[in-house]
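In mature numbering (1 follows the signal peptide of the UniProt record, and there is no 0), the protein residues as written are -25 to -1, 1 to 96.
Even for Gly, the Cβ is constructed at its ideal location relative to N, Cα and C.
To start, the structure under review is shown below, and the notes come after it.
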Amino acid sequence: MAPVKYHGMVSLCMILLVFIMEINANRSSCNLVGKWTKIRVPGCAPKHTLLNSCRGYCESFSIPMPNQLRSMYPDLAILSMGRCCSIDTTHDVTVELVCADGIRKETYKSASSCSCSSCKT
């Protein structure tokens, strides 16, 4: 088989995986979760503040590559696809702290929305 056909098969497998993941996206559970966080700044009294994060799971799976492709691409014996529960957008949360030298304002990021998207480190 010509190399072009192999590349076409790899492309077709990738398209099918993305399509299947989009169909299964409704089965994922990636949600906004509030968590009380203790803010500590030297010289200031600690303060509990509600900050949002994202928590849940997203679709992921692997399929074995066809034998004819494994001989040409030995590193692609298994094709995997996955998504991670991630923060889409954020907003600022301003916290007023009582400090030895007066009131101090600190700003922290908090999640506003979440979704299943490409995994990043």
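- In this structure, cysteine 29 places its C-beta atom within 8 Å of the C-beta atom of isoleucine 62.
- Here asparagine 42 is exposed. Its C-beta has fewer than 16 other C-beta atoms within 10 Å.
- Going by C-alpha positions, isoleucine 14 is about 11 Å away from threonine 82.
- The beta carbon of leucine 26 sits closer than 7 Å to the beta carbons of Lys10, Thr12, Val68, Tyr83 and Ser85 from its chain, once the five residues preceding and following it are set aside; these are given in chain order.
- With 16 or more neighbouring CB atoms inside 10 Å of its own CB, cysteine 5 falls in the buried class.
- Counting along the chain, methionine 40 sits inside no alpha helix (DSSP H), nor does DSSP assign it H or E at all.
- Assigned with DSSP and collapsed to three states, arginine 45 falls in helix.
- In this structure cysteine 94 is exposed. Its beta-carbon is surrounded by fewer than 16 other beta-carbon atoms within 10 angstroms.
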